[in-house]
Amino acid sequence: MKKLNTEILIILVLWLSIILSLYFNFKFDIFFIIGIFGISIVSATYKKYNENSLAILFLILVFSSFDLIKFSCAFGINLGIINIISFSLLLILVYKRRNEFFALKNKWFGETFDEQENGKITRIEFFKKEFNHLSETELNKKLNEEVLTKEAKTAIIEILKLKKGQTE
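When we follow our numbering, the leftmost residue of the sequence shown carries the number 30, and every step to the right adds one.
1. Using the C-alpha atoms, what's the distance from Arg127 back to Asn107?
2. Please classify Ile185 as buried or exposed, where buried requires at least 16 neighbouring CB atoms within 10 angstroms.
3. Rounded C-beta distance between Ile39 and Leu86? I'm assuming under 8 Å.
4. Is Leu108 helix, strand or coil when you go by DSSP?
5. Quick check on the DSSP output: the alpha helix (DSSP H) that includes Phe66 runs from which residue to which?
6. Do you know whose CA, among Glu146, Tyr124, Ile153 and Thr166, lies nearest Asn34's CA?
7. Out of Glu180, Ile48 and Tyr78, point me to the one whose CA is closest to Lys149's CA.
8. Taking 9 Å as the cut-off, decide whether the C-beta atoms of Phe100 and Phe61 are in contact.
9. If distances are taken between C-alpha atoms only, which option among Lys182, Gly105 and Ser94 comes closest to Ile111?
10. What do you get for Phe66, buried or exposed, if any count of 16 or more other CB atoms within 10 angstroms of its CB means buried?
11. May I have the straight-line CA-CA distance separating Glu36 from Val42, to the nearest angstrom?
12. Among the candidates Gln145, Ser72 and Leu119, whose CA atom is the shortest distance from the CA of Val91?
13. Would you mind working out which of Gly109, Ala73, Glu129 and Asp58 sits nearest Ile98, comparing C-alpha positions?
14. Less than 9 Å separating the beta-carbons of Lys158 and Glu187?
15. Any chance you could list the alpha helix (DSSP H) runs of at least 4 consecutive residues sitting entirely within the region 137-191, in chain order?
16. Under three-state DSSP, which class holds Tyr124?
17. Output yes or no for whether 9 Å exceeds the beta carbon distance between Leu191 and Leu172.
18. Note down, in chain order, each residue of its chain lying with its Cβ closer than 7 Å to the Cβ of Gly105, except the 5 sequence neighbours on either side.
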C-alpha cells in the first residue's frame, strides 16, 4: 500500500473539519467559503501541480492560523488570535516538507543565473583591487598557503597572468 504523505493527511483533516462544520452548524461566513474554495484548489491541483499545491496549502494554513480563512464554523481552539489547530497543521507541514519549501523559496526568490554570474564578476573585480598591489611571490604564497574563495583564487590567477605578460 502506498504511504500517505503529510499533505494528503492535512488535506483530509481539513476536509473532515469542513464536512463536520456543514453537518453540525450550517451557518457559515465568507471566511469559511474561502476556506472551502482554497482546499478545493489544493485538492484539485495536488497530483498534477504538486509544487503549486504545496505553496497554496502553506498560504491557506498561514491565513487560517489567524482566522482569515476558516475550515470550521462548528468548533475551534484559539489562543488569542491564533487558531491552534491550523497553526499545528502548518508547523507539521513546514517541518515535514522543509526541503521542498527551501527549494521553492530558491526557485521563486533566488538569484537567476545572470545575477549569480554578475555577482561573481563583481567579487572577482573586488579581489583584483585588493590584491593588485602584491608582488608575484606574495600572490603565489597567498594562492598556495591560504584558504581563499573561488573568486579570490580566480582574481589572483588573473593578476599573475597580467604581471607575467607585462614582464615578458
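Cβ coordinates follow ideal geometry from the N, Cα and C atoms, glycine included.
The short version:
1. Numbered from 1 along the sequence shown, position 78 holds the residue referred to as residue 107. Numbered from 1 along the sequence shown, position 98 holds the residue referred to as residue 127. Cα to Cα, Asn107 sits roughly 25 Å from Arg127.
2. The residue given as residue 185 occupies position 156 in the sequence shown. Buried.
3. As a working note, residue 39 is residue 10 in the sequence shown. As a working note, residue 86 is residue 57 in the sequence shown. Confirmed, about 7 Å.
4. Here the question's residue 108 lines up with position 79 in the sequence shown. DSSP places Leu108 in strand when its eight states are reduced to three.
5. For the purposes of this step, residue 66 is taken as the residue at position 37 of the sequence shown. Residues Ile59 to Thr74.
6. As a first step, residue 34 is located in the sequence shown; it is residue number 5 there, counting from the start. Asn34 has its Cα closest to that of Tyr124, out of Glu146, Tyr124, Ile153 and Thr166.
7. In the sequence shown, residue 149 corresponds to position 120, counting from 1. Checking every option, the nearest Cα to that of Lys149 belongs to Glu180.
8. Your numbering for residue 100 matches position 71 in the sequence shown. Your numbering for residue 61 matches position 32 in the sequence shown. Yes, the pair counts as a contact, with Cβ atoms nearer than the cut-off.
9. Counting from 1 along the sequence shown, the entry for residue 111 is found at position 82. Ile111 has its Cα closest to that of Ser94, out of Lys182, Gly105 and Ser94.
10. Mapped onto the sequence shown, residue 66 falls at position 37. Phe66 comes out exposed.
11. If you number the sequence shown from 1, residue 36 lands on position 7. If you number the sequence shown from 1, residue 42 lands on position 13. Glu36 and Val42: Cα-Cα distance of roughly 10 Å.
12. Taking the first residue of the sequence shown as 1, we reach residue 91 at position 62. Nearest C-alpha to Val91: Leu119.
13. Against the sequence shown, residue 98 aligns to sequence position 69. Considering only alpha carbons, the answer is Asp58.
14. Walking along the sequence shown from the start, residue 158 turns up at place 129. Walking along the sequence shown from the start, residue 187 turns up at place 158. No; because the gap between Cβ atoms is not below 9 Å, this pair is not in contact.
15. 142-160 and 165-174
16. Position 95 of the sequence shown holds residue 124. Reduced to three states, the DSSP call for Tyr124 is helix.
17. The residue you call residue 191 lines up with position 162 of the sequence shown. The residue you call residue 172 lines up with position 143 of the sequence shown. No, Cβ-Cβ distance for Leu191 and Leu172 is not below 9 Å.
18. What you label residue 105 is simply residue 76 of the sequence shown in a count that begins at 1. Here the set comprises Asn112 and Ile114.
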